[in-house]
Amino acid sequence: MTVSPVTLEGALVRLEPLQLTHIEPLAALIEPGMFGWYTAPPETPAKMRDYVVAARRDQTLGTALPFATLLRDGTAIGSTRFGNIDRGNRKVEIGWTWIAPRWRGTGVNTEAKLLMLGHAFEVLDCRRVEFKTDARNELSRAALVAIGAVEEGTLRAHMVCPDGDRRDSVYFSILADEWPRVRERLTARLARHAQQEVA
Numbered sequence: 041m042t043v044s045p046v047t048l049e050g051a052l053v054r055l056e057p058l059q060l061t062h063i064e065p066l067a068a069l070i071e072p073g074m075f076g077w078y079t080a081p082p083e084t085p086a087k088m089r090d091y092v093v094a095a096r097r098d099q100t101l102g103t104a105l106p107f108a109t110l111l112r113d114g115t116a117i118g119s120t121r122f123g124n125i126d127r128g129n130r131k132v133e134i135g136w137t138w139i140a141p142r143w144r145g146t147g148v149n150t151e152a153k154l155l156m157l158g159h160a161f162e163v164l165d166c167r168r169v170e171f172k173t174d175a176r177n178e179l180s181r182a183a184l185v186a187i188g189a190v191e192e193g194t195l196r197a198h199m200v201c202p203d204g205d206r207r208d209s210v211y212f213s214i215l216a217d218e219w220p221r222v223r224e225r226l227t228a229r230l231a232r233h234a235q236q237e238v239a
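Numbering (the working numbering), first residue to last: 41 to 239.
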């Protein structure tokens, strides 16, 4: 399993390897409260710089492949990544995802997931893709179930939040033999978004 920087492009979005040049356009998206349940939110320009630098460091270490999420015209709208890359066990985690409020519910995140899952299963030949979310984040949990991810369990007191509170993390996964069904669901969701845009 060779995980190398790659650009993934769909009809709505382009995921390109996260670079230092993305710091300024990503920082320009910051709005109060936009990161919701994010454990270490890059909610100031300085924190966004630290976020990008740390993500690129993890890429250098081979444990992550971070992306800037862009519209097809090059407008930055957020970020996501493959993380916790485990080549020996042929698995990755998809997470660290955020989209600026203006573009939520437009289909861009659905397409980004479709592109990343397709790359993970069809190019990287992963056997498993993982997701984790704060146990209190009901919207995220429902969204993962809706695309066909399987809830596996909760890791109690899994993380310490910036405010010192504990976070219980709920793990989900999609396995290689489940991918065709999940791909159909995501493709159907994208088609519905497209119909809503036309209507």
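From the three backbone atoms N, C-alpha and C, an ideal C-beta is built for every residue, glycine too.
Model, not experiment: these values are computed from the prediction.
* To do: Give every residue of the same chain whose Cβ lies closer than 7 angstroms to the Cβ of LEU215, excluding the five residues on either side of it in the sequence, and list them in chain order.
  => Indexing the sequence shown from 1 puts residue 215 at position 175. Here the set comprises ARG167 and ARG168.
* Have a look at the DSSP bridge pairing and note the partners of TYR211. => Here residue 211 is taken as the residue at index 171 of the sequence shown, counted from 1. Beta-bridge pairing links TYR211 to LYS172 and GLY193.
* To do: Please list, in chain order, all residues of the same chain as ARG98 whose beta carbon is under 6 angstroms from its beta carbon, the five residues on each side excluded.
  => Looking up residue 98 in the sequence shown gives position 58. A small fix is needed here, since residue 98 is Asp in this sequence, not Arg. Contacts found: ALA104.
* **As assigned by DSSP and simplified to three states, the class of ASP113** => Taking the first residue of the sequence shown as 1, we reach residue 113 at position 73. Coil, per DSSP.
* To do: Mind listing, in chain order, the continuous beta strand (DSSP E) runs of no fewer than 3 residues lying wholly within the segment 101–152?
  => Complete beta strand (DSSP E) runs here, min 3: 105–111, 116–126 and 131–139.
* **Buried or exposed (CB count within 10 angstroms, at least 16 for buried), ALA46** => Reading the sequence shown from its first residue, position 6 is the one you call residue 46. The identity of residue 46 in the sequence shown is Val, whereas the question assumes Ala. The Cβ neighbour count for VAL46, taken over all protein chains shown within 10 Å, is under 16; the residue is labelled exposed.
* Continuous alpha helix (DSSP H) stretch holding VAL185: start and end -> One-based indexing of the sequence shown puts residue 185 at position 145. Where VAL185 is concerned, the enclosing alpha helix (DSSP H) stretches over 178–187.
* **Close Cβ partners of GLU49 (< 6 angstroms) along its chain, the five nearest in sequence each way excluded** => Along the sequence shown, one-based indexing puts residue 49 at 9. There are no such residues.
* In whole angstroms, what is the alpha-carbon distance linking GLU56 and ARG144? -> Walking along the sequence shown from the start, residue 56 turns up at place 16. Walking along the sequence shown from the start, residue 144 turns up at place 104. Each residue's Cα considered, the two are about 19 angstroms apart.
* **Which listed residue (ARG196, THR42, ASP203 and GLY114) has its alpha carbon closest to that of THR61** => Here residue 61 refers to the residue found at position 21 when the sequence shown is read from its first residue. Among ARG196, THR42, ASP203 and GLY114, the Cα nearest to that of THR61 belongs to GLY114.
* Can you tell me whether DSSP reads ARG74 as helix, strand or coil? -> As a first step, residue 74 must be located in the sequence shown, where it is residue number 34. Rather than Arg, the amino acid found at residue 74 in this sequence is Met. Three-state result, MET74: coil.
* Contact check, ARG229 vs GLY188, beta carbons under 8 angstroms -> As a working note, residue 229 is residue 189 in the sequence shown. As a working note, residue 188 is residue 148 in the sequence shown. For ARG229 and GLY188, no; Cβs fall outside 8 angstroms.
* When you compare only the Cα positions, how much space is there between ALA239 and VAL53? -> To locate residue 239, count along the sequence shown from 1; it is residue 199. To locate residue 53, count along the sequence shown from 1; it is residue 13. Summary for ALA239: the model assigns pLDDT 47, below 50, so the residue's position carries little reliability, and this model does not support an answer.
* Asked: Any heavy atom of the ligand HEM closer than 7 angstroms to the CB of GLU151?
  -> The ligand HEM is not part of this structure, which contains no ligands at all.
* Where the alpha helix (DSSP H) containing PRO81 begins and where it ends -> Translated into the one-based positions of the sequence shown, residue 81 becomes position 41. Note, PRO81: premise wrong, no alpha helix (DSSP H); not H, not E.
* To do: Could you spell out where the alpha helix (DSSP H) holding GLU64 opens and where it closes?
  => Locating residue 64 in the sequence shown gives position 24, where the first residue counts as 1. The continuous alpha helix (DSSP H) containing GLU64 extends over residues 63–67.
* To do: Mind reading off the beta-carbon distance from TRP77 to ASP208? Whole number of angstroms is fine, and I expect it under 8 angstroms.
  => For the purposes of this step, residue 77 is identified with residue 37 of the sequence shown, where counting begins at 1. For the purposes of this step, residue 208 is identified with residue 168 of the sequence shown, where counting begins at 1. That pair is no contact at about 12 angstroms.
* Test item: CB-CB of PHE171 and ILE125 under 8 angstroms -> Taking the first residue of the sequence shown as 1, we reach residue 171 at position 131. Taking the first residue of the sequence shown as 1, we reach residue 125 at position 85. Between PHE171 and ILE125, the CB-CB gap reaches or exceeds 8 angstroms.
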